[in-house]
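**Student:** Top line first, the protein sequences correspond to chains A and B.
Here the first sequence is numbered in the working numbering, starting from 65 and rising by one per residue.
Here the second sequence is numbered in the working numbering, starting from 57 and rising by one per residue.
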Amino acid sequence: MANGSGEAPQGLAALFAPRGVAVVGASAEPGSPGHQIVAQLQQTHYAGGVYPVNPRAQEVRGLPCYPGVLQVPGPVDLAVVVVPAPVCLVVAAQLASRRRQRGDVAAAVVVSGGFAETGPEGRRLQEELVRTLRGAGIRLVGPNCLGVADGHTGLTTSFDLGPYPAGGVSLLSQSGAFVMSFLHWARPLKMVGLCKLASVGNMADVTLTELLAYLADDPCTRVVGVYLEGVQDARAFVQAAAEVAARKPVVVLKPGRTEQGARAARSHTGSVASPDAIYHGAFRQAGVVRARTVSEFYGTVRAFERLPLPRGDRVAVLSAVGGPGTVCVDEVASQANLRLARFSPPTCARLQAVLSDIAAIGQPEGYVDMTGALTARTHGDALRALLADEGVDAVVLLTPPPTFLDEEEVARHVVEAYQEQPPELRKPVLVVLTFGDAALRARQVLESAGLCTFEFPEEAAQVLARMVEYAQARARLGAFPGKAPVGKADPGTSRGGPWGAPVP
Amino acid sequence: MSHPVVRRALEEGRGSLLEWEAYELCAAYGIPHAPWELAQDEEEAVAAARRLGNPVVLKVVSPDVLHKSEVGGVLVGLEGELAVREGFRRLREELTRRAPGARWAGVLVQPLVRGSVEVAVGGLRDPQFGPVVMVGSGGVWVEVLRDVAFRLAPLDREEALRQIRETQCSRLLQGVRGRPAADVEALAEVVVRVGDLVAGEPEVQELDLNPVVAGPEGCCAVDARAVLRAAAHTS
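Next up, the structure:
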């Protein structure tokens, strides 16, 4: 936790829980990045010191401004640098001398662009920046990035991210805009709780691989979401991902399936990535869940944070809406790793007892069309019956909810049925509200009770398929064999995994 | 330490293995392949065909030809002495005509192997991932179908089975339209061993077994191509 005293955090820990942050390039001018970073830090619950640094300002947002990092009085474990690229080198030298004198400044985030992404001259600047910081034992995130944030300590180095609900989602990204979009999208309904975030930029020092490995041991992180365009140390990255995936889910969105997409990535991050098909296979092998679309990424990350893992692949679809229910059944059936559940006779009897005579039960197997002849209570009773069936591993519930019912009451009945399950045996329930944000109050009740809501039937089915995929991979990752290094050729006997193999 | 055929090719400044050298390399890793004999003249070809059984396949051997079919260098299903003699002459003529200057290193004689499904199995050394193994639908349409799945090597048989199941060809392997199911376990074993080969032979840049013919009694490679690292560096 961040505080003004205590031991100096070292290495990557200084990125997320520094005792104090220096914002080098802080500005009194509203709207400028150097101003916004200070503003965001002031608005979160970050308890450490915030120290604007700028030789040309006396004060930034009411905080005293220091001419240089050497003049900052309190402990500074992290420096955020937002000055033009050539000036970054001067700042780096000052950070290095401060670390030598005071022993703090374990890490720096360089937000500024103008480095390797711009050409040979920028590359030279970047190399010098790394040399100076490394020489003093300072870890560097960036340059050319939004840096880091921590929902628990309230730390943020992003001009785009202020206070955010804390939770179990950690995000690593080769695009600041991608993670900011996800967090801001999820924010109104508090659909995501943020743990740690790192936008890595040019990865001149700290890499995605290192951050991923770090999150394996982070107790607050329940799921890691990664936006990936391509990394040089691809095998090491996948190895780190496999180690994390053995303990918690890793969800990756990686564009570049087409030559055009790969070229867009090349011009964005300069990533010359290995063929996408190899990434794809390596993810499967490592138990990494690959989302195919942005909405699948959002949904899957959200579901992993909140819902229990399904213990099998048998899905019940419970619908109050005929068309969307049909679409959902279609999508569930077309997912290679999902099956529609087969209800037990007692379940069918229970459903008949609580539903209207015109409801269709088990046509096809695993599907219940409640029809519009229902009450708020019917939602909960039918859900209860399905969750009690040993042949059901997960439920997708679809409802508008109808305007003739009290939407909050519908949501409360669903929540009740969900929460009645004994916690250790809980099955996931994915709720599709087809009226979307027109049923905002129902969404709020469901989301704040720890359920996940979706707008589209396919989305819920796809997310569930990714959850089952992970649950299946997790079962075998527990006993992952491959750490033995591959020696010389020993035909037919090497039966380890790939992770020990050297990359010559 | 690289396999002797790899070392010899590198010493001779070659960027790839001859087909029969690739088979020798495969054999060292326990990868099944069609039997073969090398014939330098018509008489040898006829004798080899007699030993290997009817019908046979004749393929041109040249250190300068990587894709034999592009120079008319593969003749399939030849039966009887006359066909073999004629085939031998034709391969020689086609090479001279379609790849002038290419060195002639004889003709490879192999029995025609029948099976249920043609699979492609390959290994390669990716600059960022290192040794990688591929499996998928084989035959001449491999580039068009792009029905392949990758894994990092080395890998175990369970992983190879999951890899095979990711491809459409796994459905063909289960047996369709009255064809018997192929021995998928045996195919998985080939994938594992190709993984061992690329992981264990640092000088092999690419190994391409296409097709591997899979049937109820097992599977075997009936064509093999190996590109060495030295070639990848200079190209």
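Beta carbons: idealized from backbone N, C-alpha and C, even for Gly.
Verify the CB distance criterion: does residue 329 of chain A have a CB-CB separation below 8 Å to chain B?
**Tutor:** Working through the first sequence from its first residue, we reach residue 329 of chain A at position 265. Output row for residue 329 of chain A: interface = no.
**Student:** Using a Cβ cut-off of 8 Å, pull out every chain B residue sitting near residue 338 of chain A, in sequence order please.
**Tutor:** Taking the first residue of the first sequence as 1, we reach residue 338 of chain A at position 274. 182, 183, 184 and 185, listed in chain order.
**Student:** Do residue 252 of chain B and residue 266 of chain B have their beta-carbon atoms positioned less than 8 Å apart in this structure?
**Tutor:** Numbered from 1 along the second sequence, position 210 holds the residue referred to as residue 266 of chain B. Numbered from 1 along the second sequence, position 196 holds the residue referred to as residue 252 of chain B. Result no, Cβ atoms of residue 266 of chain B and residue 252 of chain B do not sit closer than 8 Å.
**Student:** Could you give the C-beta distance for residue 20 of chain A and residue 147 of chain A, rounded to a whole number, given that I count them as a contact under 8 Å?
**Tutor:** Nothing can be reported for residue 20 of chain A, as the shown portion of chain A is limited to 65 through 568.
**Student:** Residues of chain B with a CB under 9 Å from the CB of residue 346 of chain A: which are they?
**Tutor:** On the first sequence, residue 346 of chain A is found 282 positions in, with the first residue counted as 1. Within 9 Å Cβ-Cβ: 185, 188, 206, 207 and 208.
**Student:** Checking contacts by CB at 8 Å: is residue 128 of chain A closer than that to chain B?
**Tutor:** If you number the first sequence from 1, residue 128 of chain A lands on position 64. Cβ-Cβ to chain B under 8 Å: no for residue 128 of chain A.
**Student:** Does the beta-carbon of residue 92 of chain B have 16 or more other beta-carbons within 10 angstroms, so that it is buried, or is it exposed?
**Tutor:** The residue given as residue 92 of chain B occupies position 36 in the second sequence. Residue 92 of chain B is buried by the Cβ-count criterion.
**Student:** Does the segment 364-376 of chain A come close enough to the segment 282-297 of chain A that 3 or more CB-CB pairs lie under 8 Å?
**Tutor:** A contact exists between the segment 282-297 of chain A and the segment 364-376 of chain A.
**Student:** Is DSSP giving residue 422 of chain A helix, strand or coil here?
**Tutor:** Taking the first sequence and counting its residues from 1, the one referred to as residue 422 of chain A is at position 358. Here residue 422 of chain A sits in coil by DSSP.
**Student:** Can you check whether the CB of residue 214 of chain A is closer than 8 Å to the CB of residue 170 of chain A?
**Tutor:** Start at 1 with the first residue of the first sequence, and residue 170 of chain A comes out as number 106. Start at 1 with the first residue of the first sequence, and residue 214 of chain A comes out as number 150. No; because the gap between Cβ atoms is not below 8 Å, this pair is not in contact.
**Student:** On a Cα-Cα basis, can you pick out the residue from B/70, B/282, B/82 and B/176 that is closest to residue 226 of chain B?
**Tutor:** Within the second sequence, the letter at position 170 stands for residue 226 of chain B. Cα-wise, what sits closest to residue 226 of chain B is B/176.
**Student:** Three or more C-beta pairs closer than 8 Å, one from the segment 345-360 of chain A and one from the segment 292-312 of chain A: is that the case here?
**Tutor:** Yes: the two stretches touch, three or more of their Cβ pairs being nearer than 8 Å.
**Student:** By Cβ distance, which residues of its chain are closer than 7 Å to residue 224 of chain A, with the 5 residues on each side in sequence left out?
**Tutor:** The residue given as residue 224 of chain A occupies position 160 in the first sequence. Contacts found: 210 and 244.
**Student:** Restricting to runs no shorter than 3 residues, where is the beta strand (DSSP E) found entirely within the segment 355-431 of chain A?
**Tutor:** Here the runs fully enclosed are 378-383.
**Student:** Cβ of residue 96 of chain B within 8 Å of Cβ of residue 162 of chain B?
**Tutor:** Within the second sequence, the letter at position 40 stands for residue 96 of chain B. Within the second sequence, the letter at position 106 stands for residue 162 of chain B. Taking 8 Å as the Cβ cut-off, residue 96 of chain B and residue 162 of chain B qualify as a contacting pair.
**Student:** Alpha carbon to alpha carbon, how far is residue 220 of chain B from residue 186 of chain A? Give it in angstroms, no decimals.
**Tutor:** As a position in the first sequence, residue 186 of chain A is number 122, starting the count at 1. As a position in the second sequence, residue 220 of chain B is number 164, starting the count at 1. Computed Cα separation, rounded: 45 Å.
**Student:** Going by beta-carbon coordinates alone, are residue 277 of chain B and residue 90 of chain B separated by less than 8 Å?
**Tutor:** Counting from 1 along the second sequence, the entry for residue 277 of chain B is found at position 221. Counting from 1 along the second sequence, the entry for residue 90 of chain B is found at position 34. Their beta carbons are under 8 Å apart, which means residue 277 of chain B touches residue 90 of chain B by this criterion.
**Student:** Which of helix, strand or coil does DSSP assign to residue 562 of chain A?
**Tutor:** For this step, residue 562 of chain A is matched to residue 498 along the first sequence. Here residue 562 of chain A sits in coil by DSSP.
**Student:** Taking 8 Å as the threshold (C-beta atoms), are residue 385 of chain A and residue 458 of chain A in contact?
**Tutor:** One-based indexing of the first sequence puts residue 458 of chain A at position 394. One-based indexing of the first sequence puts residue 385 of chain A at position 321. Result no, Cβ atoms of residue 458 of chain A and residue 385 of chain A do not sit closer than 8 Å.
**Student:** Taking buried to mean at least 16 other C-beta atoms within 10 Å of its own C-beta, is residue 76 of chain B buried or exposed?
**Tutor:** Residue mapping note: residue 76 of chain B aligns to position 20 of the second sequence, counting from 1. Buried, because 16 or more other Cβ atoms sit within 10 Å of the Cβ of residue 76 of chain B.
**Student:** How about residue 266 of chain A and residue 207 of chain A: are their beta carbons less than 8 Å apart?
**Tutor:** Residue 266 of chain A sits at position 202 when you count from the first residue of the first sequence. Residue 207 of chain A sits at position 143 when you count from the first residue of the first sequence. Against a cut-off of 8 Å, the Cβ pair of residue 207 of chain A and residue 266 of chain A comes out as a contact.
**Student:** Thinking C-beta only, is residue 147 of chain B closer than 8 Å to residue 168 of chain B?
**Tutor:** Position 112 of the second sequence, counting from 1, holds the residue named residue 168 of chain B. Position 91 of the second sequence, counting from 1, holds the residue named residue 147 of chain B. Taking 8 Å as the Cβ cut-off, residue 168 of chain B and residue 147 of chain B do not qualify as a contacting pair.
**Student:** Grouping DSSP H, G and I as helix and E and B as strand, with all else coil, what is residue 130 of chain A?
**Tutor:** Position 66 of the first sequence, counted from the start, is the residue given in the question as residue 130 of chain A. Residue 130 of chain A: strand per DSSP, three-state reduction.
**Student:** Count the other C-beta atoms from every protein chain shown that fall within 10 angstroms of the C-beta of residue 246 of chain A, then say buried if there are 16 or more, exposed otherwise.
**Tutor:** For the purposes of this step, residue 246 of chain A is taken as residue 182 along the first sequence, with counting starting at 1. Buried: at least 16 other Cβ atoms inside 10 Å.
**Student:** If you follow the alpha helix (DSSP H) that residue 82 of chain B is in, where does it begin and where does it stop?
**Tutor:** For this step, residue 82 of chain B is matched to residue 26 along the second sequence. Per DSSP, residue 82 of chain B belongs to the alpha helix (DSSP H) from 75-84.
**Student:** With a cut-off of 8 Å, do at least 3 Cβ pairs link the segment 254-274 of chain A to the segment 185-203 of chain A?
**Tutor:** Yes, the segment 254-274 of chain A is in contact with the segment 185-203 of chain A.
**Student:** Could you check whether residue 263 of chain B and residue 269 of chain B sit closer than 8 Å to each other, using their CB atoms as the reference points?
**Tutor:** Along the second sequence, one-based indexing puts residue 269 of chain B at 213. Along the second sequence, one-based indexing puts residue 263 of chain B at 207. Result no, Cβ atoms of residue 269 of chain B and residue 263 of chain B do not sit closer than 8 Å.
**Student:** Return the residues of the segment 228-240 of chain A that lie within a Cβ-Cβ distance of less than 8 Å from chain B, sorted by chain order.
**Tutor:** Within the segment 228-240 of chain A, no residue has a Cβ that lies closer than 8 Å to any Cβ of chain B.
**Student:** Tell me where the alpha helix (DSSP H) around residue 59 of chain A begins and ends.
**Tutor:** Residue 59 of chain A is absent from the model: chain A starts at 65 and stops at 568.
**Student:** Tell me whether the segment 112-132 of chain A and the segment 82-99 of chain A touch, counting them as touching only if at least three CB pairs, one residue from each stretch, are closer than 8 Å.
**Tutor:** As far as the Cβ criterion goes, the segment 112-132 of chain A touches the segment 82-99 of chain A, which means the pair count is three or higher.
**Student:** Starting from the beta carbon of residue 77 of chain B, find every residue of chain A whose beta carbon is closer than 8 Å, and list them in chain order.
**Tutor:** Here residue 77 of chain B refers to the residue found at position 21 when the second sequence is read from its first residue. Within chain A, no residue comes near residue 77 of chain B; the closest Cβ sits about 16 Å away, beyond 8 Å.
**Student:** Can you check whether the C-beta of residue 562 of chain A is within less than 8 Å of a C-beta belonging to chain B?
**Tutor:** The sequence position of residue 562 of chain A within the first sequence is 498, counting from 1. So, interface residue.
**Student:** Which one of A/453, A/421, A/387 and A/382 has the shortest CA to CA distance from residue 490 of chain A?
**Tutor:** Looking up residue 490 of chain A in the first sequence gives position 426. Closest option to residue 490 of chain A, Cα to Cα, is A/453.
**Student:** Return the first residue and the last residue of the beta strand (DSSP E) that residue 261 of chain B is part of.
**Tutor:** The count along the second sequence starts at 1 and reaches residue 261 of chain B at position 205. Start and end: 260-271.
**Student:** Entirely within the segment 124-200 of chain A and at least 3 residues each: give me those beta strand (DSSP E) ranges in chain order.
**Tutor:** Listed in chain order, the complete beta strand (DSSP E) runs (minimum 3 residues) inside the segment 124-200 of chain A are 142-145 and 171-174.
**Student:** For residue 57 of chain B, count neighbouring C-beta atoms within 10 Å of its own C-beta (all shown protein chains included) and say buried if the count is 16 or more, exposed if not.
**Tutor:** As a working mapping, residue 57 of chain B is identified with position 1 in the second sequence. The residue in question, residue 57 of chain B, is exposed, as its Cβ has fewer than 16 Cβ neighbours within 10 Å.
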